[in-house]
Every structure is written in C-alpha cells, then in structure tokens.
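**Student:**
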Amino acid sequence: MDSLLFNDAFTSLEAETIAHELKSGSGYHVFENALTPEAVTALTNIVSSDALLVNNNNLGYVRAYWMKYLSHTLALSKECYDIITSERIRGICRNFFDNPFKISNQRIYETHTRSHLPWHTDNNLQAGNAYNGKHDLPGIMFLFYLSDVSDTNPFQLIADSYKWSEQNTERFFSDKFIEQNYKDDIVTVRAPKGALIICNTHLIHRAEPFNRPGFKRLTYLFQIDEISTQHEGHGEKILLNPAFVSETSPEILTYLGFGNKADYPAFPETSVSTMLPHDIVSLQKDILPKAVKGLAFSFARRVIPGSIVNAIRKKIHKGSI
Numbered sequence: 090m091d092s093l094l095f096n097d098a099f100t101s102l103e104a105e106t107i108a109h110e111l112k113s114g115s116g117y118h119v120f121e122n123a124l125t126p127e128a129v130t131a132l133t134n135i136v137s138s139d140a141l142l143v144n145n146n147n148l149g150y151v152r153a154y155w156m157k158y159l160s161h162t163l164a165l166s167k168e169c170y171d172i173i174t175s176e177r178i179r180g181i182c183r184n185f186f187d188n189p190f191k192i193s194n195q196r197i198y199e200t201h202t203r204s205h206l207p208w209h210t211d212n213n214l215q216a217g218n219a220y221n222g223k224h225d226l227p228g229i230m231f232l233f234y235l236s237d238v239s240d241t242n243p244f245q246l247i248a249d250s251y252k253w254s255e256q257n258t259e260r261f262f263s264d265k266f267i268e269q270n271y272k273d274d275i276v277t278v279r280a281p282k283g284a285l286i287i288c289n290t291h292l293i294h295r296a297e298p299f300n301r302p303g304f305k306r307l308t309y310l311f312q313i314d315e316i317s318t319q320h321e322g323h324g325e326k327i328l329l330n331p332a333f334v335s336e337t338s339p340e341i342l343t344y345l346g347f348g349n350k351a352d353y354p355a356f357p358e359t360s361v362s363t364m365l366p367h368d369i370v371s372l373q374k375d376i377l378p379k380a381v382k383g384l385a386f387s388f389a390r391r392v393i394p395g396s397i398v399n400a401i402r403k404k405i406h407k408g409s410i
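When we follow my numbering, the leftmost residue of the sequence shown carries the number 90, and every step to the right adds one.
#1: Relative to the alpha-carbon of T308, which residue among Y251, I135, K223 has its alpha-carbon at the smallest distance?
#2: At what residue ranges does the stretch 128 to 168 contain a whole run of the alpha helix (DSSP H), taking only runs of 4 or more?
#3: Measuring alpha carbon to alpha carbon, tell me which of I341, F244, R183 ends up nearest P227.
#4: Since I believe A248 is in contact with S115 (beta carbons under 8 Å), could you give me their beta-carbon distance rounded to a whole number of angstroms?
#5: Of the residues I267, T290, F299, which one's Cα is nearest the Cα of N242?
#6: If you count every other CB in all the chains shown that lies within 10 Å of the CB of D240, and 16 or more means buried, which is it?
#7: May I ask which residues mark the beginning and end of the beta strand (DSSP E) holding G228?
#8: Whole angstroms is fine: what's the gap from R452's alpha carbon to Y158's?
#9: Measure the Cβ-Cβ separation of V129 and I286 and say whether it is below 8 Å.
#10: Hey, which unbroken runs of the beta strand (DSSP E) at 3 residues or more fall wholly within the stretch 253 to 301?
#11: Is I376 helix, strand or coil by DSSP?
#12: In terms of residues, what are the limits of the beta strand (DSSP E) holding I197?
#13: Pull up the DSSP beta-bridge partners for H209, would you.
#14: Starting from Y220, trace the beta strand (DSSP E) both ways and give me its first and last residue.
#15: With DSSP run on the structure shown, which of helix, strand or coil describes A104?
#16: Residues in its own chain within less than 7 Å of Y150 by CB, not counting five upstream and five downstream?
#17: According to DSSP, which residues form a beta bridge with L246?
#18: The ligand FAD and V370: does the residue's C-beta get closer than 7 Å to at least one heavy atom of that ligand?
#19: Taking buried to mean at least 16 other C-beta atoms within 10 Å of its own C-beta, is D225 buried or exposed?
#20: Give me the Cβ distance between P354 and G217, rounded to the nearest whole Å; I'm assuming they're in contact under 8 Å.
#21: According to DSSP, what are the bridge partners of G322?
#22: Quick check on the burial criterion: 16 or more other C-beta atoms within 10 angstroms. Buried or exposed for F266?
#23: Using DSSP's beta-bridge definition, name the partner residues of R306.
#24: Return the Cβ separation of A351 and K374 in integer angstroms, given the expectation that the two are a contact with Cβ distance under 8 Å.
#25: For A280, tell me which candidate among Q256, G222, D264, V238 has the shortest Cα-Cα distance.
#26: Do the stretch 290 to 297 and the stretch 251 to 262 touch if we need at least three Cβ pairs shorter than 8 Å?
#27: Tell me which residue opens and which closes the beta strand (DSSP E) that Y344 is part of.
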C-alpha cells in the first residue's frame, strides 16, 4: 500500500534515522518527492469543489479570511486515511515516541492572496478555542505540499529551536525577535508538490508572509502527539469513515484515538464573520435562487392537497415531468 502513496525518496531512509533527527538533531527533515503524483492528485481533488455547505448534512470546508480549511479528511478520503495510518508514518512515530501516541489534528488547507502567520510552535494547549499555554509532550508534525512552492509562501523553520523554544510560553514569537537573534538559522523550504516536511512540534516555524492576488497554496497537515494523563482531552475530535479501517490492532485503534478523550474543536473557529466580503456576496448569490425555490415549494405544499403533491413527486422521480 505504501508504494502507491510514497516515492522511494521517502521510503528508503530508515525510520530510526528520521526519528533521531527529530529528537536529537536539527528537529526536522525534508523529502522533496515523498508523495506519488497519483496521491497528490487524489488529495487535491478532495477540495476541488468551491461550494460552501449551507444547511447541508454532508462534510465540507470552511473559510477563515484568506484561508480555506477541510478539517475532516479521515471521514472523506481513503488516501488521507492510508497516508496517516501507513506503516511508514507509524514506523517513524514508534521510533520517536517512548509512550503511546495518537493523532491530534489533521486538515487540508488552502492559503490564497495574503497571509502573515507569526512564528510559533505546535505544542499548544487549548480551553475550547482559546489558547491555554504550552505543554511538554513530544510530538511530530507532518506537512505535505500539494502545490509547487517556490518564491511565494514557503514553509520556514528555525533549525534546532526545539531545544530552547520552551523558554517562551507565549503563543507567538515576534518577527523582530527572530530577525535579531536567529536570522542565520532560518531554513526556507522551496519544493515541488508532493514534498514532505517532518518537524518536532516544539520547533519554531511559520509560512513566509506574502501578498499576491491570485496565488493559492494547498497543503496537507497532520500532527501526532504522545498520550498523557496529565493533559487528558488534548487534541481535536476526529470524524472517521469506518469503511476505511482495514486494520484493528490495539496500536492503530489507540493511534486513531479510540478510548481517549479529545476536547478541542476542529480548527479553525469560524462563522460568517470569518468570511471575506466577496465570499459572502458569492454565498448570497448561491442562496437566493435556492431560497426562492424553497419558498415556492413550501407555499405549494400548503395549498395543494397532499395526495396531489405525492403524485407529482412520483412522476418527477420516474422522469415523466
């Protein structure tokens, strides 16, 4: 199965070597061609539709300003499930963690037009949607480029920063602080789609700020953290399609979060207020015709006898009218 998802560039290096680099080396590893073209296409197609869900019981994406998020990949994509649960990914985790571990979050997201994400680490605690400090749990972040990334919005990290980042308990590090103290340690990852960046979650990183109308970058990200009774409930709730599950060993059930609390809501917190004006206008254009149609049907059901309505429905389903 792994051979259908990953290229030799990713599968040839020993998992123990990767884990050692994350724990005791620079804190990261980059594979420029980790995913096969077929896997990249499959993941990209998950979010190809541009229609927002309104009063729709299916799963879809949300908009948060200049970003678009799909936070339930394990319910929608067999390819996403196979990547996250692959022997290759879990093998790295086994060599990195000393205790049981599980998925904390997973999402495909699209960044477009502009962004300025501050320098940060991913060892965060939450109370609902609110930031609630840092934890010391070991963790790994896996980030796949689903778009070619060159000069605009590449992933950036501070090599070795996991060794000292815990000295700062604030959520973000200022640009000025990084520029003055760690400018020479910044690693900028320019790579083609299919590339994989693996990081210690205590490593300081960001996506380089940009402002370029028309630009879009698609990324697949998931995070694995150690399980701890000290931080019970750590991690986001996961929706899972049981049809994807072919292995039910105790290890993989623990990895998927079975039997463990997960109190964090799916990231990010969104509402109509996190949509851009043109997104709201576009949504209204889509809603208005449907609303008129719905009102017409509602009025018809009020004035037309039920037997006639049922007869019309039967003809519609048979294609008679």
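Virtual Cβ for every residue (Gly too), placed ideally from N, Cα, C.
**Tutor:** Reading off the structure:
#1: By 1-based counting over the sequence shown, the position of residue 308 is 219. Per the Cα distances, I135.
#2: 162 to 165
#3: On the sequence shown, residue 227 is found 138 positions in, with the first residue counted as 1. For P227, the nearest C-alpha among the options comes from R183.
#4: Position 26 of the sequence shown holds residue 115. Position 159 of the sequence shown holds residue 248. S115 to A248, Cβ: 5 Å. Contact.
#5: Translated into the one-based positions of the sequence shown, residue 242 becomes position 153. It is F299 whose Cα lies nearest to the Cα of N242.
#6: Counting from one through the sequence shown, the residue named residue 240 turns up at place 151. Classification for D240: exposed.
#7: Start at 1 with the first residue of the sequence shown, and residue 228 comes out as number 139. Counting along the chain, the beta strand (DSSP E) containing G228 begins and ends at 228 to 234.
#8: The structure shown does not extend to residue 452, since the chain spans only 90 to 410, so no value can be given for it.
#9: Indexing the sequence shown from 1 puts residue 129 at position 40. Indexing the sequence shown from 1 puts residue 286 at position 197. It is not a contact, given that the beta carbons lie outside the stated cut-off.
#10: 275 to 278, 285 to 289, 294 to 296
#11: To locate residue 376, count along the sequence shown from 1; it is residue 287. Here I376 sits in helix by DSSP.
#12: Your numbering for residue 197 matches position 108 in the sequence shown. Here the beta strand (DSSP E) through I197 covers 190 to 204.
#13: If you number the sequence shown from 1, residue 209 lands on position 120. In the DSSP output, where bridge partners are listed per residue, H209 has F261, H294.
#14: For this step, residue 220 is matched to residue 131 along the sequence shown. Per DSSP, Y220 belongs to the beta strand (DSSP E) from 219 to 223.
#15: Here residue 104 is taken as the residue at index 15 of the sequence shown, counted from 1. Three-state DSSP puts A104 in a helix.
#16: The count along the sequence shown starts at 1 and reaches residue 150 at position 61. Hits under 7 Å: V136, K157, Y158, L159.
#17: Position 157 of the sequence shown holds residue 246. Its beta-bridge partners are V276, H294.
#18: What this structure holds is no ligand at all, so the ligand FAD is not there to describe.
#19: Looking up residue 225 in the sequence shown gives position 136. Classification for D225: exposed.
#20: One-based indexing of the sequence shown puts residue 354 at position 265. One-based indexing of the sequence shown puts residue 217 at position 128. That belief holds up - the Cβ atoms of P354 and G217 are roughly 7 Å apart, short of 8 Å.
#21: Walking along the sequence shown from the start, residue 322 turns up at place 233. Under DSSP, G322 takes part in a beta bridge, and its partners are A351.
#22: Taking the sequence shown and counting its residues from 1, one reaches residue 266 at position 177. Exposed, by the Cβ-count rule.
#23: As a working note, residue 306 is residue 217 in the sequence shown. Paired residue(s): T200.
#24: By 1-based counting over the sequence shown, the position of residue 351 is 262. By 1-based counting over the sequence shown, the position of residue 374 is 285. In fact, because the Cβ distance is near 37 Å, the residues do not count as touching under 8 Å.
#25: Looking up residue 280 in the sequence shown gives position 191. Checking every option, the nearest Cα to that of A280 belongs to V238.
#26: yes
#27: Here residue 344 corresponds to residue number 255 of the sequence shown, with the count starting at 1. Taken as a continuous stretch (DSSP letters only), Y344 belongs to no beta strand (DSSP E), being part of the alpha helix (DSSP H) at 339 to 344.
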